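Peer 1: Chains as they are written, first to last, in this note's numbering: chain A, 56 to 169; chain B, 30 to 144. Using N, Cα and C, we set each Cβ at its ideal position, and we do this for glycine too. Quick caveat, the model's predicted, so the values are computed rather than measured.
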Amino acid sequence: AQSVTQPDIHITVSEGASLELRCNYSYGATPYLFWYVQSPGQGLQLLLKYFSGDTLVQGIKGFEAEFKRSQSSFNLRKPSVHWSDAAEYFCAVAPRNAGNMLTFGGGTRLMVKP
Amino acid sequence: EAQVTQNPRYLITVTGKKLTVTCSQNMNHEYMSWYRQDPGLGLRQIYYSMNVEVTDKGDVPEGYKVSRKEKRNFPLILESPSPNQTSLYFCASRDSGLAESNEQFFGPGTRLTVL
Numbered sequence: 056a057q058s059v060t061q062p063d064i065h066i067t068v069s070e071g072a073s074l075e076l077r078c079n080y081s082y083g084a085t086p087y088l089f090w091y092v093q094s095p096g097q098g099l100q101l102l103l104k105y106f107s108g109d110t111l112v113q114g115i116k117g118f119e120a121e122f123k124r125s126q127s128s129f130n131l132r133k134p135s136v137h138w139s140d141a142a143e144y145f146c147a148v149a150p151r152n153a154g155n156m157l158t159f160g161g162g163t164r165l166m167v168k169p
Numbered sequence: 030e031a032q033v034t035q036n037p038r039y040l041i042t043v044t045g046k047k048l049t050v051t052c053s054q055n056m057n058h059e060y061m062s063w064y065r066q067d068p069g070l071g072l073r074q075i076y077y078s079m080n081v082e083v084t085d086k087g088d089v090p091e092g093y094k095v096s097r098k099e100k101r102n103f104p105l106i107l108e109s110p111s112p113n114q115t116s117l118y119f120c121a122s123r124d125s126g127l128a129e130s131n132e133q134f135f136g137p138g139t140r141l142t143v144l
């Protein structure tokens, strides 16, 4: 069955430290890949997306993600976390040419220590 | 401003009392969908619509209905709500020009509690 896994439910980092949020997917072929952020009480905002080409994708707010086909992973990174990055982060995938289903991972809640 | 709006934002109701959550987008998007968000499960798609009068089931359609009579509106209907439908609901839309590769724009969410 197709699935998206975010192994870390909660992550706490200190402000200024680096961050990596993990995402693994299970699909027959490489899907379209997305990272969304949900700030408290808000809807979801797209951080970045991967369709093809360069496997290192730059997004908004200083985030980047790297697609690794061999590992079926699409991990999100940020070199220096700010207190305003505290939020819940969702990895999502959409199969190519297979309808319109966007499948989300369970989310990772990021807390930032001062 | 391009946006997806939902109403109400918060709703507390009782089992069996029919309710409708409205969703409207002003971006002329053809594709719209509804998700529910539950802790640890992420967002799961309830229904989606490719265009006016075209709707289809997502992952968790049981207990829900939708309609798409106009391009901009996509209401979610709970004919007989039950406590297991207590959740946070999101409406989303996107341009269908490049199909599933396009970004989905999300509404602010509707927190529903069914007692």
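#1: Mind checking the stretch 132–144 of chain B against chain A and listing, in chain order, the residues whose C-beta falls within less than 9 Å of any C-beta there?
#2: To which residues of the same chain is Arg97(B) closer than 8 Å at the C-beta, ignoring the five residues directly before and after it?
#3: Please report whether the beta-carbon of Gln74(B) lies at a distance below 8 Å from any beta-carbon of chain A.
#4: How about Gly160(A): is its Cβ closer than 7 Å to a heavy atom in the ligand MG?
#5: Should Pro112(B) go down as buried or exposed, given a rule of 16 or more other Cβ atoms within 10 Å for buried?
#6: Would a C-beta distance cut-off of 8 Å place Gln35(B) and Met156(A) closer than the cut-off?
#7: Mind checking if Gln57(A) is an interface residue toward chain B, Cβ cutoff 8 Å exclusive?
#8: By Cβ distance, which residues of its chain are closer than 8 Å to Ser58(A), with the 5 residues on each side in sequence left out?
#9: Does the CB of Phe119(B) have a neighbour CB from chain A at under 8 Å?
#10: List the residues of chain A whose Cβ lies closer than 8 Å to the Cβ of Leu70(B), in chain order.
#11: Helix, strand or coil: how does DSSP classify Arg101(B) here?
#12: What number of angstroms, rounded off, separates the C-alpha of Thr122(B) from the C-alpha of Gly96(A)?
#13: With Asn80(B) as the anchor, note down where its beta strand (DSSP E) starts and where it stops.
Peer 2: Straight from the coordinates:
#1: Glu132, Gln133, Phe134, Phe135, Gly136, Pro137 and Gly138
#2: Met61, Ser78, Asn80, Val81, Glu82, Val83, Thr84 and Phe103
#3: yes
#4: The ligand content of the structure shown is nil, which means the ligand MG is not present either.
#5: exposed
#6: no
#7: no
#8: Tyr80, Ser81 and Thr158
#9: yes
#10: Gly161
#11: coil
#12: The sequence as given places Ser at residue 122(B); Thr does not occur at that position. The straight-line gap from Cα to Cα measures roughly 19 Å.
#13: Gly71 to Asn80
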